[in-house]
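Trainee: Each residue of the sequence shown is one higher than the last, beginning at 2 in this note's numbering.
Take a look at the following structure, please.
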Amino acid sequence: SLVRRLSGVRRVGHAGTLDPSATGVLVVCLGQATRLIEYMMETTKVYRAEVRLGITTDTLDATGKPLCQADPSN
Numbered sequence: 002s003l004v005r006r007l008s009g010v011r012r013v014g015h016a017g018t019l020d021p022s023a024t025g026v027l028v029v030c031l032g033q034a035t036r037l038i039e040y041m042m043e044t045t046k047v048y049r050a051e052v053r054l055g056i057t058t059d060t061l062d063a064t065g066k067p068l069c070q071a072d073p074s075n
């Protein structure tokens with residue numbers, strides 16, 4: 002509704018949502034361009050990830066505080 006109000010365009014749509022811990026681009030289409038969303042969702046997506054091995058956190062995910070670190074080559 003924010004984009005709708007700022008743009009003054011009635012038809013506004015987005016091509017998916019981002020995960021809370023993800024960074025990236027949220028595609029927003031206005032007016033007749035909203036018809037393109039279904040085709041955009043069928044295109045190939047590219048994901049880039051950063052992995053850190055050997056670290057244990059208090060939440061068992063990337064958002065937690067590190068508890069210990071080990072050599073991942075073992």
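Quick reminder that beta carbons are idealized off the backbone N, C-alpha and C, glycines included.
Tell me whether G65 sits in a helix, a strand or coil according to DSSP, three-state version.
Mentor: DSSP places G65 in coil when its eight states are reduced to three.
Trainee: Rounded to the nearest angstrom, what separates Y48 and I38 at their Cα positions?
Mentor: Using only the alpha carbons, I get a separation of about 19 Å.
Trainee: How long is the line joining the alpha carbons of C30 and R6, rounded to whole angstroms?
Mentor: Taking the straight line joining both Cα atoms gives about 14 Å.
Trainee: Taking the Cβ atom as the reference point for each residue, do G55 and A34 lie within a distance shorter than 7 Å?
Mentor: It is not a contact, given that the beta carbons lie outside the stated cut-off.
Trainee: From this set, K46, V10, G9, which residue's C-alpha is nearest L27's C-alpha?
Mentor: The shortest C-alpha separation from L27 is found at K46.
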